[in-house]
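Protein chains in written order, with this note's numbering: chain A, 6 to 510; chain B, 788 to 1100.
All residues carry an ideal CB built from backbone N, CA and C; glycine is no exception.
Note that this is a predicted model, so its numbers are computed, not measured.
Scroll down for the structure; my scribbles are underneath it.
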Amino acid sequence: MSAFEFLMQGLGTAADPMMLLYALIGVTLGTAVGVLPGIGPALTVALLLPVTYRLDPAGSLIMFAGIYYGGMYGGSTTSILLNTPGESASIITALEGNKMARKGRGGPALATAAIGSFIAGLIATLLLAFLAPSIVKLALVFGPREYFALMVLAFVTVSAAFGDSALRGLTSLFLGLALACVGIDQLTGQARLSFGVPELLDGIEVTTMAVAMFAVGEALFIAGQRVQVEDEVTAVKGSIWMNRRDWARSWKPWLRGTFIGFPIGAMPAGGAEIGTFLSYATEKKLTKHPEEFGNGAIEGVAGPEAANNASAAGTLVPLLTLGLPTSATAAIMLAGFQQFGLQPGPLLFATNPTLVWGLIASLLIANAMLLVLNLPLIGLWVKLLTVPKPWLYAGILLFATLGTIGANPSAFELGMLLAFGVLGYVMRLFGYPIAPIVVGLILGPMAEQQLRRALSISQGDWTTLVQSPIAAVLLGIAALALIVPLILRARGKGEVLSQLAGEED
Amino acid sequence: MKQFVLASLFAAATALPAMADYTIIAPANPGGGWDQTARTMQTVLQEEGISKSVQVQNVPGAGGTIGLAQFASQNKGNPSALIVGGYVMVGAILTNNSPVSLKDVTPIARLTGEYEAIVVPAASPIQDIAGLIEALKADPGAVSWAGGSAGGTDHIAVGLIAKAAGVDPTKINYIAYSGGGEALAAILGNQVTAGISSLGEFEAQIQAGTLRLLAVTAPERLEGVDAPTLQEAGLDVVLENWRMVAAAPGLSDEQKAQVTADIEKMAKSENWQKQLSDKGWMDTYLAGPDFEAQLEQDVTSTEAILKDIGLVK
Chain A
6 MSAFEFLMQG
16 LGTAADPMML
26 LYALIGVTLG
36 TAVGVLPGIG
46 PALTVALLLP
56 VTYRLDPAGS
66 LIMFAGIYYG
76 GMYGGSTTSI
86 LLNTPGESAS
96 IITALEGNKM
106 ARKGRGGPAL
116 ATAAIGSFIA
126 GLIATLLLAF
136 LAPSIVKLAL
146 VFGPREYFAL
156 MVLAFVTVSA
166 AFGDSALRGL
176 TSLFLGLALA
186 CVGIDQLTGQ
196 ARLSFGVPEL
206 LDGIEVTTMA
216 VAMFAVGEAL
226 FIAGQRVQVE
236 DEVTAVKGSI
246 WMNRRDWARS
256 WKPWLRGTFI
266 GFPIGAMPAG
276 GAEIGTFLSY
286 ATEKKLTKHP
296 EEFGNGAIEG
306 VAGPEAANNA
316 SAAGTLVPLL
326 TLGLPTSATA
336 AIMLAGFQQF
346 GLQPGPLLFA
356 TNPTLVWGLI
366 ASLLIANAML
376 LVLNLPLIGL
386 WVKLLTVPKP
396 WLYAGILLFA
406 TLGTIGANPS
416 AFELGMLLAF
426 GVLGYVMRLF
436 GYPIAPIVVG
446 LILGPMAEQQ
456 LRRALSISQG
466 DWTTLVQSPI
476 AAVLLGIAAL
486 ALIVPLILRA
496 RGKGEVLSQL
506 AGEED
Chain B
788 MKQFVLASLF
798 AAATALPAMA
808 DYTIIAPANP
818 GGGWDQTART
828 MQTVLQEEGI
838 SKSVQVQNVP
848 GAGGTIGLAQ
858 FASQNKGNPS
868 ALIVGGYVMV
878 GAILTNNSPV
888 SLKDVTPIAR
898 LTGEYEAIVV
908 PAASPIQDIA
918 GLIEALKADP
928 GAVSWAGGSA
938 GGTDHIAVGL
948 IAKAAGVDPT
958 KINYIAYSGG
968 GEALAAILGN
978 QVTAGISSLG
988 EFEAQIQAGT
998 LRLLAVTAPE
1008 RLEGVDAPTL
1018 QEAGLDVVLE
1028 NWRMVAAAPG
1038 LSDEQKAQVT
1048 ADIEKMAKSE
1058 NWQKQLSDKG
1068 WMDTYLAGPD
1078 FEAQLEQDVT
1088 STEAILKDIG
1098 LVK
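Structure representation (structure tokens):
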């Protein structure tokens, strides 16, 4: 049978009413846990694993797929409406999405996120279905030095994309990098900057930090404004749907986000966040409306949201072809496979085609179901914005606290949430951008480890970093991205550049 | 079916406030080996009617030492609290200078275990374990090993191999990854000379012919595995990455006997055996004084090798 026939057969399996019901339960649960910070899709699947033991393999895998995609959808909702990222892949969405929501354009922001996720999920799932074996070969070429080059590129583009003051952006970034050093060094097993506090041994939790910086810091900032600014409650301005202009500005970012997110998700050490950073930086470079970036540009929501859903599908490439889980959720899905006596790996496509294609088909169905579930909900979600500010921010604080405790039941974690919340407040007060500190915390350890691994493998020879063609090209692009603006500035085009770099939170 | 799913979710929710017969701490994130062990125990203990209600709680971090510390300090004398752990904890306690050690809990039984496998990519010029050892002796730095986190079982195994081969363990070039999976990508991508992790992590690749299995760290040849032991290759190294269950500190002898009896009933049940074979885990059940003696020996030898590698001062 050809791949296409298998897919059709899989769709047939997954279209069974009972299977559709599992898919529905999955996507509903997934959306719910994506919305709540702290309870990730990984924990949900783990909790359901014993329950699904009584179901047939197809049914439970379909449910897992629904939870997985649903989590990615749900994460964007709180990011956009409440500036509280539900998981780390939707941190970037909060930047532009929340600005849009505050201007009464929450509807289009949620819609572009939902439709973008759908399109990205659709394309990426099809790529997974037909190209997985070749993509995985490509992903394996990426060794430590190539990853390091990719991180350097992400650093350069991302820090250039944030803020109107390079100094402030870099200060924030380096603060993030310093915080990233906390915890056990993975390569030597030695604890750094943990001051004997056991909770710090594993480093600072990214979601705690992001929730503190975005949500707690913001709540403090609002509360700290002495003059009560008159509430500009513009929950809905214009249509809650996307207008023609929104569509015109969204479709290209959707596609670009998909093609950035999918391959990075497929890399064993990629991860969903990097794709969203790169997508955001790309959209900011390419936009025709640079003045809107930082003030609610729809491209800045469309691209990263597409990227994070595409990378969710990308993660399944190494899982299905190598048996290699690259995210917590994938690890539990692997456990789910093993529960049914299946061993994902190079032979899975050959030995168990029905199940693999059933899973891929159910991903397609879950994806469509999410769109149907989420679009009508938008009207309901934006009503949240009409809640009076004191109530809303009290709710956000409660939500953030519960989420943090839920993920990590310790008083110290809560203390960290509050301490970083205060830091976020102070940074806002003095006009330092928030995003780079979180980016530094995520990318810092990855870049450091990959660099040290590369040097360890080459036994200390630095030229190894440019000896691989892929790494050399990536580093070259990074160097260009760094140098070209400097040249432009030297030629007196600095004004254009500072216009390009819009104001950012 | 939907009602069933909802009902079980509902049951799980309403059971929360009620007194649980057992609460099992999995000192790791959902998805890992300890988490799976805890959740499998949950299933079997409940299905076999050994316990009415079993909760699993994840307390991740620092090789399980955070969960262990929390467990030891909060549950003194509580016979319904259990924690899952394993060999990785032994090393983590030493490298992290953990204030709480396995002496502060009541080890009950070893449940399962896995042996380590040494592999090279299919394209590697190294054909057998002797070839790898030869390369290691010639230039220890030129042989890069990919495996799990620093100071973990994989790292310790490499240290033991080097020592047994007469190579200075501080000279080994060990590249730590966050787990066997990420290391697998580096090995398949020909980024490193060799890889080391639990046999289960590599099995699918070995069958597919993309990795070559050189040796295993078992005391004798494993059934259905076509590779020599390290001992056959003249290296006196045997290492098992075991998982265990422990109870709270300060239990009375009767309480300890009761917990041990419950765990033994679970481990001897057909249901548990079926779960083990489904997951590809070995049954290495060992309880009582035998287990305590083995634990003691493991702690001593691990401390020695970690000092040799230079991870523990």
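Run through chain B and tell me which residues come within less than 8 angstroms of residue i, C-beta to C-beta.
{"i": "residue 154 (chain A)", "result": "Result: empty, since nearest Cβ-Cβ is about 14 angstroms, beyond 8 angstroms."}
{"i": "residue 207 (chain A)", "result": "847, 848, 849, 853"}
{"i": "residue 230 (chain A)", "result": "What residue 230 (chain A) touches in chain B: nothing, since even the nearest Cβ is about 38 angstroms away."}
{"i": "residue 464 (chain A)", "result": "928, 929, 960"}
{"i": "residue 461 (chain A)", "result": "931, 960, 962"}
What residues of chain B sit near residue i, judged by a beta carbon separation below 7 angstroms?
{"i": "residue 458 (chain A)", "result": "962"}
{"i": "residue 146 (chain A)", "result": "976"}
So who's on the other strand from residue i, going by DSSP bridges?
{"i": "residue 1069 (chain B)", "result": "B:900"}
{"i": "residue 842 (chain B)", "result": "B:810"}
{"i": "residue 337 (chain A)", "result": "Answer is none; residue 337 (chain A) lacks a bridge partner."}
{"i": "residue 872 (chain B)", "result": "B:1031"}
{"i": "residue 985 (chain B)", "result": "B:903"}
{"i": "residue 859 (chain B)", "result": "Beta-bridge pairing links residue 859 (chain B) to no other residue."}
{"i": "residue 27 (chain A)", "result": "Paired residue(s): none; residue 27 (chain A) is not in a bridge."}
{"i": "residue 1092 (chain B)", "result": "In DSSP, residue 1092 (chain B) forms no bridge with anything."}
{"i": "residue 303 (chain A)", "result": "According to DSSP, residue 303 (chain A) bridges with nothing at all."}
{"i": "residue 1080 (chain B)", "result": "Bridge partners of residue 1080 (chain B): none, in fact."}
{"i": "residue 1003 (chain B)", "result": "B:904, B:1016"}
{"i": "residue 357 (chain A)", "result": "DSSP, once it has assigned bridges, lists no residue as partnering residue 357 (chain A)."}
{"i": "residue 961 (chain B)", "result": "B:932"}
{"i": "residue 998 (chain B)", "result": "B:908"}
{"i": "residue 893 (chain B)", "result": "B:1034"}
{"i": "residue 1074 (chain B)", "result": "B:896"}
Closer than 9 angstroms by beta-carbon distance: list the chain B residues that pair up with residue i, in chain order.
{"i": "residue 196 (chain A)", "result": "849, 882, 883, 884"}
{"i": "residue 191 (chain A)", "result": "936, 937, 963, 964, 965"}
{"i": "residue 474 (chain A)", "result": "Result: empty, since nearest Cβ-Cβ is about 15 angstroms, beyond 9 angstroms."}
For residue i, is the beta carbon positioned less than 7 angstroms from some heavy atom of the ligand PLP?
{"i": "residue 947 (chain B)", "result": "Inclusion of the ligand PLP in the displayed structure is not the case, the ligand content being empty and no account of it being possible."}
In chain A, which residues lie less than 7 angstroms from residue i when you measure between Cβ atoms?
{"i": "residue 832 (chain B)", "result": "Result: empty, since nearest Cβ-Cβ is about 11 angstroms, beyond 7 angstroms."}
{"i": "residue 938 (chain B)", "result": "194"}
{"i": "residue 973 (chain B)", "result": "148"}
Less than 8 angstroms between the CB atoms is what I'm expecting for residue i and residue j, so what's the real figure, rounded?
{"i": "residue 306 (chain A)", "j": "residue 118 (chain A)", "result": "6 angstroms"}
{"i": "residue 179 (chain A)", "j": "residue 445 (chain A)", "result": "7 angstroms"}
{"i": "residue 208 (chain A)", "j": "residue 443 (chain A)", "result": "Incorrect: roughly 13 angstroms between the Cβ atoms, too far for contact."}
{"i": "residue 383 (chain A)", "j": "residue 112 (chain A)", "result": "6 angstroms"}
{"i": "residue 264 (chain A)", "j": "residue 433 (chain A)", "result": "The Cβ separation is near 34 angstroms, so there is no contact."}
{"i": "residue 63 (chain A)", "j": "residue 390 (chain A)", "result": "Contact flag wrong, Cβ pair sits at about 41 angstroms."}
{"i": "residue 156 (chain A)", "j": "residue 472 (chain A)", "result": "That belief does not hold up - the Cβ atoms of residue 156 (chain A) and residue 472 (chain A) are roughly 18 angstroms apart, past 8 angstroms."}
For a contact defined as C-beta to C-beta under 8 angstroms, what are the partners of residue i on chain A?
{"i": "residue 979 (chain B)", "result": "462"}
What residues of chain A sit near residue i, judged by a beta carbon separation below 9 angstroms?
{"i": "residue 856 (chain B)", "result": "203"}
Could you tell me whether any Cβ in chain D is nearer than 8 angstroms to the Cβ of residue i?
{"i": "residue 97 (chain A)", "result": "No chain D is part of this structure, whose protein chains are labelled A and B."}
- Output, in sequence order along the chain, the residues in the region 872 to 893 of chain B whose CB is closer than 7 angstroms to any CB in chain A. Those residues of the region 872 to 893 of chain B that come within reach of chain A (Cβ to Cβ, closer than 7 angstroms) are 882, 883.
- Task: Go through the region 179 to 231 of chain A residue by residue and report every complete run of the alpha helix (DSSP H) that reaches 4 residues or more, in order.
- Result: Within the region 179 to 231 of chain A, complete alpha helix (DSSP H) segments of at least 4 residues are found at 211 to 216, 222 to 229, given in chain order.
- Curious, which full-length alpha helix (DSSP H) runs of at least 4 residues does the region 896 to 955 of chain B contain? You should have 916 to 925, 940 to 951.
- Message: My parser needs the alpha helix (DSSP H) runs of 4 or more residues fully inside the region 88 to 157 of chain A; what are they?
- Response: With a minimum length of 4 residues, the continuous alpha helix (DSSP H) runs that stay inside the region 88 to 157 of chain A are 96 to 107, 111 to 146.
- Please name the residues in the region 1076 to 1100 of chain B whose beta-carbon is closer than 7 angstroms to at least one beta-carbon of chain A, in chain order. Listed by position, the residues of the region 1076 to 1100 of chain B near chain A (Cβ gap below 7 angstroms) are 1098.
- Message: Report the start-end ranges of each beta strand (DSSP E) in the region 427 to 504 of chain A that is 3 residues or longer and not cut off at the edges.
- Response: The region 427 to 504 of chain A contains no whole beta strand (DSSP E) run of 3 or more residues.
- Of all the residues that make up the region 982 to 1008 of chain B, which are near chain A by a beta-carbon distance shorter than 8 angstroms? Within the region 982 to 1008 of chain B, the qualifying residues are 990, 991, 992, 994, 995, 997.
- Entirely enclosed beta strand (DSSP E) segments - the region 359 to 438 of chain A, minimum 3 residues: Whole beta strand (DSSP E) segments, 3+ residues: zero.
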